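Chemist: Quick one: the structure is below, questions incoming.
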Amino acid sequence: MRGTRFTSGEMDGHLGRIRRDHPDLYGRLDVERARSWAQDFAGLEPFEDDFGDTTSHGRGASYLRAQAHNVRARAAGIAQLLGYIRAGSDTSRKTVVDVLGGDGLIQRVAALLRLADLSILTCDVSPYMVRAAWESNYPALLQRADFMLQRDNSVEGVLIAYGSHHIAPHHRVQLARESYRVLRPRGVAVLHDFLVGSPMDTWFTDVVDRYSRTGHKFEHFTREEIRGCLVGAGFGRVDVIEMADPYVATAPRADQAELALGRYLSDMYGLVEIQDAYGPHADRWVIDRAKEIFHHSRADTAPSEFTLRHDPRRDLWTATLPRMAVVGVATKSA
């Protein structure tokens, strides 16, 4: 899975696997568009891939480690995001383009939650992430968020979540237009981010940008931008709402659950400078700093803070770090 190079031959290989093992997903693709784009991509100079491997100075390896150790860390939020799509068009099975899919986490969580009515294609612009998805046998495609490789009017759902702020502001309108293009009538696009000035924005600025391998200088969405992009793309109905999107970790003891959440955050965001500086105490530093940042109370929401709760039935402790996300749910008119 090394490097950020990607060849047109590799794209052909992925298309072939999708055609063989997932013919319905293949039928939604504009294959010639995909092949043409892959040829253009292969001719580019190696790009700066934050989610590449360590040899290309990315944090992809630690990100994969975080998901492998705690696949349910963001399951509550993922279930809600997929729920918006599932509540959309009345087809019995819905095909979803996971635009910022990474290594296929959304597919993995959907399987754990037994959401059998969804057929998900993981897409990402990181070759390292796409290869990781295939290594776990999740269908995946290298794709830009603002240049989708699906046919017009071909899918029931488009999910843009967990990284939408990585999309440059001048590409965001086109992202919304592409989502509209590939959706069928009554299809649903879900655009998720953490608002400018939110605790998550503070976490990225004060911790991730300062202590991670890659830094994190990205502009988060505002409510107005989410609505403006989706309305401008042509969606007939757009709702912009808040939703709880916590981080969760479980363990037999309370202190273990707390430190497991610290380890998840450390790996998730590649906080190598904290790991180097604090060694075996790094997880404690990370979770304590997170508890400070995510302890917040606002006039329009209930007070929110870190919790530790014991489940006597399972004899497990659950550590929960609260986050509030903002989501644009856009429905394409019939």
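When we follow the working numbering, the leftmost residue of the sequence shown carries the number 27, and every step to the right adds one.
Even for Gly, the Cβ is constructed at its ideal location relative to N, Cα and C.
From a predicted model like this one, the values you see are computed outputs, not experimental measurements.
#1: Can you list, in chain order, the residues of its chain with a C-beta nearer than 6 angstroms to that of A351? Leave out the 5 residues immediately preceding and following it.
#2: Can V266 and G127 be called in contact, C-beta distance under 8 angstroms?
#3: Just to confirm the assignment, what range does the beta strand (DSSP E) spanning H336 have?
#4: Excluding the five sequence neighbours on either side, which residues of its own chain have a C-beta within less than 6 angstroms of the C-beta of A345, listed in chain order?
#5: Apply the 10 Å Cβ neighbour rule to K358 and answer buried if 16 or more other Cβ atoms are within range, or exposed otherwise.
#6: Taking the straight line between their C-alpha atoms, what separation do you get for G305 and M294?
#7: Quick one: any contact between the segment 80 to 98 and the segment 229 to 242, if contact means 3 or more CB pairs under 8 angstroms?
#8: Return the CA-CA distance between S323 and V234, expressed in angstroms with no decimal places.
#9: Give the range of the beta strand (DSSP E) segment to which D219 is assigned.
#10: Tell me the residue span of the beta strand (DSSP E) that contains A365.
#11: Would DSSP call K317 helix, strand or coil?
#12: Compute the distance between the beta-carbons of A303 and G258, then report whether it is under 8 angstroms.
#13: Taking Cβ to Cβ, would you say F320 is nearer than 8 angstroms to P348?
#14: Does DSSP put L297 in a helix, a strand or coil?
#15: Does the Cβ-Cβ distance between L51 and P211 come in under 8 angstroms?
#16: What whole-angstrom Cβ distance do I361 and I146 have, given they're in contact under 8 angstroms?
#17: Looking at L297: is its Cβ nearer than 8 angstroms to the Cβ of A316?
Modeler: Concretely, from the data shown:
#1: Hits under 6 angstroms: H218, F220, M269 and D271.
#2: Contact: no.
#3: It spans T333 to D337 - the beta strand (DSSP E) in which H336 sits, taken as one unbroken run.
#4: Once the five neighbours on either side are set aside, the close Cβ partners of A345 are A275, A283, E284, L287 and L334.
#5: Buried.
#6: Their Cα atoms are separated by approximately 17 angstroms.
#7: Touching, yes.
#8: Residue confidence for S323 is low, a pLDDT of 44 falling below 50, so the modelled location carries little weight; the figure read from the coordinates is stated next. Looking at the two C-alpha atoms, the distance is approximately 23 angstroms.
#9: For D219, the enclosing beta strand (DSSP E) stretches over residues L209 to D219.
#10: Given a span of 27 to 360 for the chain in the structure shown, any question on residue 365 remains unanswerable.
#11: Shown here, K317 sits in a helix according to DSSP, grouped into three states.
#12: Between A303 and G258, the C-beta gap is not smaller than 8 angstroms, which leaves the two residues out of contact.
#13: Yes, the pair counts as a contact, with Cβ atoms nearer than the cut-off.
#14: In the structure shown, L297 sits in coil (DSSP, three-state: anything other than H, G, I, E or B).
#15: Not in contact: L51 and P211 (Cβ atoms no closer than 8 angstroms).
#16: Coverage of the chain is limited to positions 27 through 360, which leaves residue 361 absent and any answer about it impossible.
#17: No, the pair does not count as a contact, with Cβ atoms beyond the cut-off.
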